[in-house]
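Here is the structure we will look at.
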Amino acid sequence: MRLASALQLFIASFLSAVALPVCALALDLPTGPVVLTVRGDNVAYPNVGDEAQFDIPMLEALRGREGSMETPWTKGRIRFSGPLLRSVLGAAGATGGMLKIVALNDYSAELPVEDATKLDTMLATRMDGQLMSVREKGPLFLVYPFDLDSDLFNEKYFSRSVWQITTIEVSR
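Okay, so the sequence shown: first residue is 1 according to my numbering, each after it adds one.
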């Protein structure tokens, strides 16, 4: 009888330990204005219907980076900061091969998911420490790590650098 109880206790403890990480992956609901929606067939952690929606505090709580760099769209060296694109995709549980980044004005760019997984590409929320307004390319600007790799400073990556981002669509 004691062996059976000990076994039941072990199984219950094991299941609790396994279940905790799964619960930790659940995406909270945004409490502020939604600035980003991640959608697609492979969004494992949706928080509103079948989409993952984020407000600025949710995004800024994710692993990110800061980089000081020049871009074709700004004057001088600018310090950008925000979550890594791969952190955002991870928080949404979004998997696939291609990303379509869509802006407020419906401009979009398609890029391979490797741009998120192999590069330190960020969804900048701040420019020189200040949240970016729509007028200043905000609320989100896809910034490639031009400061880390000068080979990225070319038209291929410039065309993928979308600003005023509202949606990321993930596809196979």
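Even for Gly, the Cβ is constructed at its ideal location relative to N, Cα and C.
Per DSSP, reduced to three states, the secondary structure at R126 is strand. When C-alpha distances from V35 are compared across R172, I165, W73, the shortest belongs to I165. Of all alpha-carbon atoms in A116, G96, T121, the one lying nearest the alpha-carbon of D41 is that of G96. Contact check for M122 against E136 fails: the beta carbons are separated by 8 Å or more. One thing to note: V48 has its Cβ no nearer than 8 Å to the Cβ of V170.
The beta-carbon separation of D120 and P145, rounded to 4 Å, stays under the 8 Å limit for a contact. G82 places its beta carbon less than 8 Å from that of L59. The C-beta distance from V38 to A94 rounds to 5 Å, short enough to fall under 8 Å. Remark: C-beta atoms of L142 and I101 approach each other more closely than 8 Å. DSSP, reduced to helix, strand and coil, places F54 within a strand of the structure shown. Boundaries around F158 are those of the alpha helix (DSSP H), 155-158, since no beta strand (DSSP E) includes it. Residue I56 holds the alpha-carbon nearest to the alpha-carbon of P33 among P46, D149, I56.
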